[in-house]
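Heads up, our numbering is the position in the sequence shown plus 2, with the first residue counted as 1.
Yeah, the Cβ is synthetic: ideal placement off N, Cα and C, and Gly gets one too.
Here's the structure we're looking at; comments come further down.
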Amino acid sequence: MKRMDEMELHIQLSAMRWAWLVDVLMLAVWGIWGTVQTGRMTAPMYLLILQNLVFFAGVQIGKLRVGDPEGKRGLIAAAVMVVYWLSWEWCCLG
């Protein structure tokens, strides 16, 4: 298996970015539609939130690994958001 050159890497990353954007838009539309219909958060909304939390955490871990102090603050912020979201789900929607 040969290594990609810069152009191939750019093309692949660009395609991944577009695929991610389409995924986020479709989950958002589907999730909002389901939430409006049922009055509760549906599976697409949970997937959308989880996907973006994993992405955000991955970026922050990458920053932390290269020594950027912003990574630690970002991970703490992500943990606070997860705890808030789970407590809100448990308390208010349970």
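Looking at the secondary structure, which residues open and close the alpha helix (DSSP H) in which residue i lies?
i, result
"Trp-92", "Unbroken run through Trp-92: none, as it is neither H nor E."
Taking the alpha-carbon positions, what's the residue i to residue j distance?
i, j, result
"Gly-69", "Met-28", "35 Å"
"Ser-16", "Met-6", "14 Å"
"Pro-46", "Ile-78", "25 Å"
"Ala-21", "Pro-71", "30 Å"
"Ala-81", "Lys-74", "11 Å"
State the DSSP-derived secondary structure class of residue i, mapped to helix, strand or coil.
i, result
"Val-42", "Correcting the residue identity first, residue 42 is Arg in this sequence and not Val. Correct three-state label for Arg-42: coil."
"Arg-19", "helix"
"Arg-75", "helix"
"Lys-4", "coil"
"Gly-33", "helix"
Should residue i and residue j be called a contact, given that it needs their Cβ atoms to be closer than 9 Å?
i, j, result
"Leu-52", "Gly-33", "no"
Under 9 Å between C-beta atoms, does residue i make it to chain B?
i, result
"Arg-42", "Included in the structure is just one protein chain, with no chain B present."
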